[in-house]
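Numbering (our numbering), first residue to last: 245 to 342.
Idealized CB from N, CA, C, for every residue including glycine.
Keep in mind that this is a model prediction, so the values were computed, not measured.
The structure under discussion appears below in the form of C-alpha cells.
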C-alpha cells in the first residue's frame, strides 16, 4: 500500500525516503506471496499453520479459511479481477536533478 497523505507519510518514516521504503517492501511482499502460491496448497497450509502456532491463533485462522472456502469461488475471484495483484503503480520522485 502506498501512502499519499502527510499523516500516512509520518507513519512510514516521512518524506520520499519512507514512501520509497514502503513501496519496495510492498513489492517484495507481493513477489514472495506469488512465489509461495506457485508452491501449491500444502505450502500455503503449512504457512498458515505455522502462523497460527507462533501467534496462538490457529483456531481463528482455521475459521477464516473455512469461511473463505465456503463463501468464495474461483469464478467469483476471476470475475472480480482479484486473481492476481494489480499492476504496481509507477513511483515518481520529484526534486531530483534539474
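- The Cβ atoms of residue 309 and residue 295 do not sit closer than 8 angstroms to each other.
- Between residue 332 and residue 271 a beta carbon distance of about 6 angstroms is seen, short of the 8 angstroms cut, so the two are scored as contacting.
- Membership of residue 303 in the alpha helix (DSSP H) is indicated by the continuous run 302-315.
- In this structure, residue 269 lies away from residue 280, with their beta-carbon atoms at least 8 angstroms apart.
- Bounds of the alpha helix (DSSP H) holding residue 292 are 285-299.
- Annotation: the continuous alpha helix (DSSP H) that includes residue 273 extends over 259-282.
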